[in-house]
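Mapping of the sequence shown onto full-length UniProt numbering: residues 1 to 252, in sequence order.
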Amino acid sequence: MAIALTTLVEEADRYLNAARISDYCPNGLQVEGRPQVRRIVSGVTASQALIDAAVEAEADVLLVHHGYFWKGENPCITGMKRRRLQTLLANDISLLAYHLPLDVHPEVGNNVQLAAQLGITVEGPLEPGNPRTVGLIGSLAEAMSPHDFARHVQQVLGREPLLVEGREMIRRIGWCTGGGQGYIDQAISAGVDLYLTGEASEQTFHSARENGISFIAAGHHATERYGVQALGEYLAKRFATEHLFIDCPNPI
Numbered sequence: 001m002a003i004a005l006t007t008l009v010e011e012a013d014r015y016l017n018a019a020r021i022s023d024y025c026p027n028g029l030q031v032e033g034r035p036q037v038r039r040i041v042s043g044v045t046a047s048q049a050l051i052d053a054a055v056e057a058e059a060d061v062l063l064v065h066h067g068y069f070w071k072g073e074n075p076c077i078t079g080m081k082r083r084r085l086q087t088l089l090a091n092d093i094s095l096l097a098y099h100l101p102l103d104v105h106p107e108v109g110n111n112v113q114l115a116a117q118l119g120i121t122v123e124g125p126l127e128p129g130n131p132r133t134v135g136l137i138g139s140l141a142e143a144m145s146p147h148d149f150a151r152h153v154q155q156v157l158g159r160e161p162l163l164v165e166g167r168e169m170i171r172r173i174g175w176c177t178g179g180g181q182g183y184i185d186q187a188i189s190a191g192v193d194l195y196l197t198g199e200a201s202e203q204t205f206h207s208a209r210e211n212g213i214s215f216i217a218a219g220h221h222a223t224e225r226y227g228v229q230a231l232g233e234y235l236a237k238r239f240a241t242e243h244l245f246i247d248c249p250n251p252i
């Protein structure tokens, strides 16, 4: 069944409350393709590899978490950017991208979806009272060692995480998918046993060690695969269209 592109975009914008969330990029339709949609392909980042895979899969819409036109980037359409846009336009594929709206959504958001994958019960925001907070706090059903939890993360995400061990046993978890290492201070203030995110900075190690908590960097890409899949499934079910998630692995 085909659905109008405008209808699909309107529903995605509404569902994610995109217009009310301040971000570093435009959220929603970034590149307009054919007016009717039968097949949605989703993926984490609108890289050339994912675009090529979407062309091969005969996608009408490419739905991603990391799209284009970030604040502060060179706006000129040259090089890599030109090649990506040329491929989308030549094949009449729309690009639909949601960044922070997809991180924070209470149902299909990256953070709640990662919690579901890892068996963490969500208890609330990382910073209570701050409407701009992205991360969450929750707990495990049973306490375990940081090493055992890291092994669990590896089994679920399919990549070995970076672990900084702190407390002998952990149960209360703080997390923020992607590049959320800067939230470790808020996690420490919240009294978590372990903070998990996608990436680490040099100072993250010292913050964890000197404040006595454990820390895991599980991969920016790896921690953000699940929100866009859930959004794609929601839209496909809502409009009886086809949806295919394509993972282009990224070790970062």
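Heads up, the beta-carbon is just placed ideally off N, CA and C, and yes, glycines get one too.
These numbers come from a predicted model, not from an experiment.
Rounded to whole angstroms, what's the CA-CA distance from residue i to residue j? Just pull it up for me.
i           : j           : result
residue 212 : residue 62  : 43 Å
residue 191 : residue 252 : 28 Å
residue 18  : residue 12  : 8 Å
residue 200 : residue 56  : 35 Å
residue 205 : residue 145 : 18 Å
residue 172 : residue 178 : 20 Å
residue 2   : residue 241 : 7 Å
residue 6   : residue 69  : 21 Å
residue 235 : residue 43  : 14 Å
residue 76  : residue 82  : 9 Å
residue 8   : residue 74  : 30 Å
residue 114 : residue 96  : 22 Å
residue 175 : residue 187 : 8 Å
residue 46  : residue 109 : 18 Å
residue 87  : residue 27  : 21 Å
residue 163 : residue 203 : 14 Å
residue 14  : residue 130 : 22 Å
Name, in chain order, the residues that DSSP records as bridge partners for residue i.
i           : result
residue 5   : Paired residues: none, contrary to the question.
residue 122 : 138
residue 65  : Paired residues: none, contrary to the question.
residue 245 : 42
residue 173 : 138 and 194
residue 28  : 97
residue 36  : 4
residue 80  : Bridge partners of residue 80: none, in fact.
Which whole-angstrom value is the C-beta distance of residue i and residue j, which I expect to be below 8 Å?
i           : j           : result
residue 156 : residue 118 : 6 Å
residue 198 : residue 165 : Between residue 165 and residue 198 the Cβ distance is about 19 Å, and since that is not below 8 Å, they are no contact.
residue 60  : residue 37  : 4 Å
residue 21  : residue 100 : 5 Å
residue 31  : residue 102 : Rounded, the Cβ-Cβ distance is 17 Å, inconsistent with contact.
Starting from residue i and walking both ways along the alpha helix (DSSP H), at which residues does that stretch end?
i           : result
residue 215 : Unbroken run through residue 215 is the beta strand (DSSP E), 214 to 217; no alpha helix (DSSP H).
residue 52  : 48 to 56
residue 184 : 184 to 189
residue 153 : 146 to 157
Does the beta-carbon distance from residue i to residue j come in below 8 Å?
i           : j           : result
residue 222 : residue 214 : no
residue 135 : residue 183 : yes
residue 153 : residue 216 : yes
residue 232 : residue 93  : no
residue 127 : residue 121 : no
residue 143 : residue 170 : yes
residue 98  : residue 29  : no
residue 193 : residue 159 : no
Under DSSP, the beta strand (DSSP E) around residue i begins and ends at which residues?
i           : result
residue 164 : 162 to 164
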